[in-house]
Amino acid sequence: MNIKEIARLSGVSSATVSRIINNVGYVKAETRERVLKTMRSVGYAPSNIARSLSKRETPFIGVIVPDITNPFFSELVKSIEKVADRNGFSILFFDTDENAEKEHAVLRTIKEHWIRGLLMTPISWEDEVTERELLSLEDSGIPVVLMDRNLHRNNFSVMMVNNFQGGYNATKALLDLGHRKIAIVVGPWQDGPGDGRIKGYLQALRDYGIEPRPEYQVGSDFQVEGSYAACQLLMEQPDPPTAILSCGNTMTFGCLQYFREHALRIGEDIGLIGFDDVSVNRLLEGALSTVGCSLEKLGEEAFRLMAQRFREEQGHGLPPEMRILPAEVKLRGSERQKSIQSGCVKGGE
């Protein structure tokens, strides 16, 4: 198989194939995709990677996350890198900066690399372009596993934490301590992790006979500044909450910044439980109570799910699989508030 044959099978000129291989000049995105798909289908690759590709032994996997400055994702990527290294793989890493256009560009770029599989946390629940690009990868035999967030049509395998369980159990822990005025700061992920977390929060309140208060449910973005503003909105109400459930570590950092600037001590003046048990939490002046799963476990299990699919002869034809890890609440003292007495019975005030 040579460039001329690839050109004939793809319905383009040899010059176009050459431009794609050497990544020079302009080629329409759909033409580039068609040629790359042809090359993969016949096991053709230029230069020294041809042999490994033809045997499907290319030693790279792709990893795409939305914000590497977020400790959740930096620790997740590190855990993937460790398990990949143990299994003889290197990672090709991309950060999309929570930017949809950059995510689309990254997905187009990654098609030009010979990867065995892709682990990805998408930005948006309903991004048609992202979904189309990922389906194209799977059609070419490259398994895709989403991490922490899903896409709305459920076309791909997913590895995530039990967000409903986490929201429920964290709220229950606060209720069992005697808190009744419990607020939640939740991100904009309407049908993803945030959705499960707020549903768990609401269900726990109702199970304890408490009518949820809309003013205690505040949305935020995934930035510290937005979460600071959300916390400010809660704490400056005429009847502020005695505890807050923060649905992400960057949101927790925003809350902590507000508390610090207003001389509020977690575990004494205000109760706080944060999602995502990242290592930086253990460096805080006051130990932070958290809910979530081990990021090392999440990364390892996501890699194993992907590896299972590319090691199967017909792996790309397997139906999507969702694996859910349990959410564990770890109480370290920040959940308390000095005016709250523990031991209230279920449904009582």
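Just so you know, we're using the numbering used here here: the sequence shown kicks off at 12 and counts up by one. Where is the CB? At the ideal position from N, CA and C, for every residue including glycine.
field: Other residues of its chain near E332: CB distance less than 6 Å, five sequence neighbours each side excluded
entry: Numbered from its first residue, the sequence shown carries residue 332 at position 321. Closer than 6 Å at Cβ, skipping near neighbours: S168.
Distance between beta carbons of E226 and Q243, contact taken as under 8 Å: Here residue 243 is taken as the residue at index 232 of the sequence shown, counted from 1. Here residue 226 is taken as the residue at index 215 of the sequence shown, counted from 1. No, Q243 and E226 are not in contact; Cβ-Cβ is about 13 Å, not under 8 Å.
- prompt: Since F264 and S238 are thought to touch, with beta carbons under 8 Å apart, how far apart are those beta carbons, to the nearest angstrom?
  reply: To locate residue 264, count along the sequence shown from 1; it is residue 253. To locate residue 238, count along the sequence shown from 1; it is residue 227. Going by Cβ atoms, the distance from F264 to S238 rounds to 7 Å, so yes, they are a contact pair.
message: Tell me the residue span of the alpha helix (DSSP H) that contains S52.
response: Stepping through the sequence shown from its first residue, residue 52 is reached at position 41. Its alpha helix (DSSP H) spans residues A40 to V53.
query: Roughly how many whole angstroms lie between the Cα atoms of G99 and H273?
result: As a first step, residue 99 is located in the sequence shown; it is residue number 88 there, counting from the start. As a first step, residue 273 is located in the sequence shown; it is residue number 262 there, counting from the start. Cα to Cα, G99 sits roughly 50 Å from H273.
- request: Enumerate in chain order the residues of its own chain whose CB-to-CB distance from F321 is below 7 Å, with the five nearest sequence positions on each side excluded.
  value: As a working note, residue 321 is residue 310 in the sequence shown. Excluding sequence neighbours, F321 sits near R127, G128 and P154.
field: Nearest neighbour of G259, chosen from K15, V23, L145 and A181 [CA to CA]
entry: Taking the first residue of the sequence shown as position 1, residue 259 is located at position 248. Ranking the options by Cα distance to G259, first place goes to A181.
- prompt: Would you report the Cα separation of Q325 and E149, rounded to the nearest angstrom?
  reply: What you label residue 325 is simply residue 314 of the sequence shown in a count that begins at 1. What you label residue 149 is simply residue 138 of the sequence shown in a count that begins at 1. Confidence is the limiting factor: at Q325 the pLDDT is only 44, short of 50, which leaves the residue's position unreliable and the question unanswerable from this model.
field: DSSP three-state assignment for T301, whether helix, strand or coil
entry: For the purposes of this step, residue 301 is taken as residue 290 along the sequence shown, with counting starting at 1. Strand at T301.
task: Spatial neighbours of G203 within its chain, please: CB distance less than 7 Å, with the 5 preceding and 5 following residues excluded, ordered by chain position.
output: The sequence position of residue 203 within the sequence shown is 192, counting from 1. Once the five neighbours on either side are set aside, the close Cβ partners of G203 are W136, R160 and N161.
- prompt: By how many angstroms is the C-alpha of R43 removed from the C-alpha of I284?
  reply: In the sequence shown, residue 284 corresponds to position 273, counting from 1. In the sequence shown, residue 43 corresponds to position 32, counting from 1. One C-alpha to the other measures close to 48 Å.
message: Less than 9 Å between the C-beta atoms of A254 and L185, yes or no?
response: As a first step, residue 254 must be located in the sequence shown, where it is residue number 243. As a first step, residue 185 must be located in the sequence shown, where it is residue number 174. Cβ distance < 9 Å, so A254 and L185 count as in contact.
query: Any contact of the region 79-91 with the region 113-125, i.e. 3+ C-beta pairs under 8 Å?
result: no
- request: Under 7 Å Cβ to Cβ from R62, same chain only, skipping five residues before and after it: list those, please.
  value: Residue 62 sits at position 51 when you count from the first residue of the sequence shown. A caution first: R62 carries a pLDDT of 42, below 50, which makes its placement in the model too unreliable to give a value.
message: With a threshold of 6 Å on Cβ separation, who are the neighbours of I31 within its own chain once the five nearest residues in sequence on each side are excluded?
response: As a first step, residue 31 must be located in the sequence shown, where it is residue number 20. The residues are V38, R43 and V46.
field: Contact under 9 Å by Cβ, L130 with F314
entry: Position 119 of the sequence shown, counting from 1, holds the residue named residue 130. Position 303 of the sequence shown, counting from 1, holds the residue named residue 314. Yes; because the gap between Cβ atoms is below 9 Å, this pair is in contact.
- request: Report the residue from Q319, V289 and L336 whose alpha carbon sits nearest the alpha carbon of E86.
  value: As a first step, residue 86 is located in the sequence shown; it is residue number 75 there, counting from the start. Out of Q319, V289 and L336, V289 has the C-alpha closest to the C-alpha of E86.
task: For the beta strand (DSSP E) containing I334, list its first residue and its last residue.
output: One-based indexing of the sequence shown puts residue 334 at position 323. Rather than Ile, the amino acid found at residue 334 in this sequence is Arg. Here the beta strand (DSSP E) through R334 covers M333 to L336.
field: Contact set for G303: own chain, Cβ-Cβ below 8 Å, skip 5 residues either direction
entry: To locate residue 303, count along the sequence shown from 1; it is residue 292. Closer than 8 Å at the Cβ level, and outside the excluded window around G303, lie V172, G177, F286, D287, D288, A338 and E339.
- request: Say whether chain E places a C-beta atom closer than 9 Å to the C-beta of D108.
  value: Given the protein chain composition of this structure (a single chain), no chain E is represented.
- prompt: According to the neighbour-count rule (16 or more other Cβ atoms, all chains shown, within 10 Å of its Cβ), is S300 buried or exposed?
  reply: Taking the first residue of the sequence shown as position 1, residue 300 is located at position 289. Label assigned to S300: buried.
E339, DSSP secondary structure in three states: One-based indexing of the sequence shown puts residue 339 at position 328. Of the three classes helix, strand and coil, the one that applies to E339 here is strand, per DSSP.
- prompt: With distances taken between CB atoms, is the gap from S151 to R51 smaller than 9 Å?
  reply: As a position in the sequence shown, residue 151 is number 140, starting the count at 1. As a position in the sequence shown, residue 51 is number 40, starting the count at 1. Closer than 9 Å, so yes.
query: Under three-state DSSP, which class holds L254?
result: In the sequence shown, counting from the first residue as 1, residue 254 sits at position 243. Strictly speaking, residue 254 in this sequence is Ala, with Leu absent from that position. A254: strand per DSSP, three-state reduction.
query: Taking the alpha-carbon positions, what's the E236 to I79 distance?
result: Locating residue 236 in the sequence shown gives position 225, counting from the first residue. Locating residue 79 in the sequence shown gives position 68, counting from the first residue. When rounded, the distance between both Cα atoms is 17 Å.
I72, enclosing beta strand (DSSP E) - first and last residue: As a working note, residue 72 is residue 61 in the sequence shown. I72 -> beta strand (DSSP E) spans F71 to V76.
- request: Please report how far the alpha carbon of M158 lies from the alpha carbon of C266, in whole angstroms.
  value: Counted from its first residue, the sequence shown places residue 158 at position 147. Counted from its first residue, the sequence shown places residue 266 at position 255. Approximately 26 Å between the Cα atoms of the pair.
query: Where do the ends of the beta strand (DSSP E) carrying F104 lie?
result: Along the sequence shown, read from residue 1 onward, the residue named residue 104 stands at position 93. F104 -> beta strand (DSSP E) spans S101 to D106.
task: Could you check how far apart the C-beta atoms of E49 and I17 are, in whole angstroms? I think they sit under 8 Å.
output: Position 38 of the sequence shown, counted from the first residue, corresponds to residue 49. Position 6 of the sequence shown, counted from the first residue, corresponds to residue 17. One point to set straight first is that residue 49 is Thr, not Glu, in the sequence displayed. Contact flag correct, Cβ pair sits at about 6 Å.
query: Going straight from the alpha carbon of L64 to that of R164, what length do you get?
result: Within the sequence shown, residue 64 is the residue found at index 53, counting from 1. Within the sequence shown, residue 164 is the residue found at index 153, counting from 1. Any answer about L64 is weak, because its pLDDT of 44 lies below 50 and its placement is not dependable; what the coordinates show is given next. L64 and R164: Cα-Cα distance of roughly 31 Å.
- prompt: Under a Cβ-count criterion, where at least 16 other Cβ atoms within 10 Å of its own Cβ denotes burial, should G354 be classed as buried or exposed?
  reply: Here the question's residue 354 lines up with position 343 in the sequence shown. Low per-residue confidence applies at G354: pLDDT is 47, beneath 50, and the placement is therefore not dependable, though the value from the model is reported in the following sentence. Classification for G354: exposed.
field: L361, buried or exposed, once every other Cβ within 10 Å from all chains shown has been counted against 16
entry: Because the chain in this structure spans residues 12 to 360, residue 361 falls outside the shown range and cannot be described.
- prompt: For E312, does the count of other Cβ atoms within 10 angstroms reach 16, so buried, or fall short, so exposed?
  reply: By one-based count along the sequence shown, residue 312 stands at place 301. It counts as buried.
query: What residues match up with I193 in a beta bridge as DSSP calls it?
result: Residue numbering aside, residue 193 sits at position 182 when the sequence shown is read from its first letter. A254.
task: Take the Cβ of D96 as the centre, count every other Cβ of all protein chains shown within 10 Å, and call the residue buried at 16 or more, exposed below.
output: In the sequence shown, counting from the first residue as 1, residue 96 sits at position 85. By the 10 Å Cβ count, D96 comes out exposed.
field: Same chain, Cβ closer than 6 Å to E142, neighbours up to 5 away in sequence not counted
entry: Here residue 142 refers to the residue found at position 131 when the sequence shown is read from its first residue. L162.
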